[in-house]
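Right, one structure below, let's go through it.
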Amino acid sequence: MARRISFIAVEGQHDAAFVGALLREAGFRIVTWKELNPKEPDSQFLDPAARTLVPGGFPHENNLLARVPVPFFWQKSDHVVALRPADGETKLISSILIAVRSIPPNQFSAIGVILDADKKKTPVQRLIALRKALVDYIKQAGVKNVGFSLPKKLDAYRIFRASKCGVFVMPDNLNAGTVEDLLLDCALINYSNLQSEADKYLKAIDRSILKSRDLDEITAPAGEKKALVGIIGSVLKPGKAIQVSISDNRWVNATTKAQPRVATLRTFLRDLLNEPTV
Numbered sequence: 143m144a145r146r147i148s149f150i151a152v153e154g155q156h157d158a159a160f161v162g163a164l165l166r167e168a169g170f171r172i173v174t175w176k177e178l179n180p181k182e183p184d185s186q187f188l189d190p191a192a193r194t195l196v197p198g199g200f201p202h203e204n205n206l207l208a209r210v211p212v213p214f215f216w217q218k219s220d221h222v223v224a225l226r227p228a229d230g231e232t233k234l235i236s237s238i239l240i241a242v243r244s245i246p247p248n249q250f251s252a253i254g255v256i257l258d259a260d261k262k263k264t265p266v267q268r269l270i271a272l273r274k275a276l277v278d279y280i281k282q283a284g285v286k287n288v289g290f291s292l293p294k295k296l297d298a299y300r301i302f303r304a305s306k307c308g309v310f311v312m313p314d315n316l317n318a319g320t321v322e323d324l325l326l327d328c329a330l331i332n333y334s335n336l337q338s339e340a341d342k343y344l345k346a347i348d349r350s351i352l353k354s355r356d357l358d359e360i361t362a363p364a365g366e367k368k369a370l371v372g373i374i375g376s377v378l379k380p381g382k383a384i385q386v387s388i389s390d391n392r393w394v395n396a397t398t399k400a401q402p403r404v405a406t407l408r409t410f411l412r413d414l415l416n417e418p419t420v
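The working numbering numbers the first residue of the sequence shown as 143 and each following residue consecutively.
Rendered as structure tokens:
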């Protein structure tokens with residue numbers, strides 16, 4: 143039986159890791175190999191129908207430091223989901239457009255976008271900006287059919303040909319926030335002491351001895367929460383990226399995924415992907 147193919151553009155590596163962890167809880171496995179590896183016959187290899195989503199060529203856009211934009215593929219017997227990290231409305235739209243050029247749009251079961259909403263923009267404003275980015279692309283490219291459609295409001299879906307299209311804005315489609323809000327909801331359950339001690343550490347720092355450029359990131363709308371998640375992740379996985387900790391540690395499990403805001407994201411994924419176990 144042919145696998146269904148879905149594509150979700152997400153705003154950042156942490157978002158991709160968190161959504162991936164939710165998919166793992168639903169029985170999906172991360173894909174390691176593009177093709178069958180004889181040395182590891184039990185490892186996942188990518189469904190041939192989805193291989194055109196893997197970009198070719200290095201360096202990407204002539205940038206030796208840029209990561210080749212390969213999606214993270216999560217797969218099970220009847221479904222493969224590609225998670226493509228991107229940053230900002232334009233790049234999120236661009237990543238979807240590249241995908242629908244690689245595979246005919248009517249072959250996608252679902253196309254989704256998951257993005258953050260810091261205090262500068264509400265979730266509704268982010269959706270409006272995302273829709274504008276799509277309109278701007280259509281005008282610039284002079285095309286009439288880009289292969290997918292975006293809903294006009296959150297908590298709604300658009301059906302384009304065979305694809306269900308939806309947008310979710312972190313943390314809950316209602317309030318400003320980021321994936322770090324969900325991570326801290328989870329940490330409160332499984333790493334409560336670590337979270338409280340990390341919070342004390344942050345509050346004890348004498349910021350007056352730091353230069354303004356040292357504080358650029360932490361004074362951003364989500365800076366404090368990102369720092370808090372960073373401290374917790376550094377204890378759990380010293381010297382490794384936060385997304386490694388999200389994947390390997392107990393941020394997402396049967397208990398934490400029941401947290402209200404996490405459950406809201408799960409509902410979106412469940413409905414978008416038509417996956418009852420998410």
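Note that beta-carbon positions come from the ideal geometry of N, C-alpha and C, so glycine has one too.
Values in this document were obtained by computation on a predicted structure and should not be read as measured data.
* Start and end of the beta strand (DSSP E) containing Gly365? -> Element bounds for Gly365: not the beta strand (DSSP E) but the alpha helix (DSSP H), Gly365 to Leu378.
* To do: Less than 8 Å between the CB atoms is what I'm expecting for Val152 and Pro227, so what's the real figure, rounded?
  => 6 Å
* Skipping 5 residues on each side, what residues in its chain have a beta carbon closer than 7 Å to that of Met143? -> Asp220
* **Collapsed DSSP secondary structure at Gly162 in the structure displayed** => helix
* If you check the beta carbons only, do Phe170 and Lys218 fall under 8 Å apart? -> yes
* Asked: Helix, strand or coil: which one does DSSP assign to Phe170?
  -> coil
* Asked: How would you call Lys306, buried or exposed, if buried means at least 16 neighbouring beta carbons within 10 angstroms?
  -> buried
* Asked: How many whole angstroms separate the CB atoms of Ile253 and Phe149, which I take to be in contact at a CB cut-off of 8 Å?
  -> 5 Å
* Asked: Per DSSP, what kind of secondary structure is Lys261 in: helix, strand or coil?
  -> coil
* To do: Would you check if there are 3 or more beta carbon pairs closer than 8 Å linking the segment 259-276 to the segment 324-334?
  => no
* To do: Would you mind sorting Asp289 into buried or exposed? The rule is 16 or more other CB atoms within 10 Å of its CB.
  => As written in the sequence, residue 289 is Gly, which differs from the Asp given in the question. So Gly289 ends up on the buried side.
* Residue closest to Phe160, alpha-carbon to alpha-carbon, out of Thr409, Phe302 and Val394 -> Val394
* To do: Would you identify the three-state DSSP class for Leu207, choosing helix, strand or coil?
  => coil
* To do: Could you pull the start and end residues of the alpha helix (DSSP H) that Gln437 belongs to?
  => Any answer about residue 437 is impossible in this case: the structure gives the chain only from 143 up to 420.
* For Ile347, the first and last residue of its enclosing beta strand (DSSP E) -> Ile347 -> no beta strand (DSSP E), and no H or E assigned at all.
* alpha helix (DSSP H) segments (min. 4 residues) lying fully within the segment 234-307 -> 265-283
* To do: Taking all protein chains shown into account, decide if Trp205 is buried (16 or more other Cβ within 10 angstroms of its Cβ) or exposed.
  => The question names Trp, but residue 205 is Asn in the sequence shown. With fewer than 16 other Cβ atoms within 10 Å, it is exposed.
* Asked: Identify the residues that DSSP records as bridge partners of Ala340: which are they?
  -> BP columns for Ala340 are empty, so no partner.
* **Distance between Lys379 and Leu239 (C-alpha atoms, nearest Å)** => 35 Å
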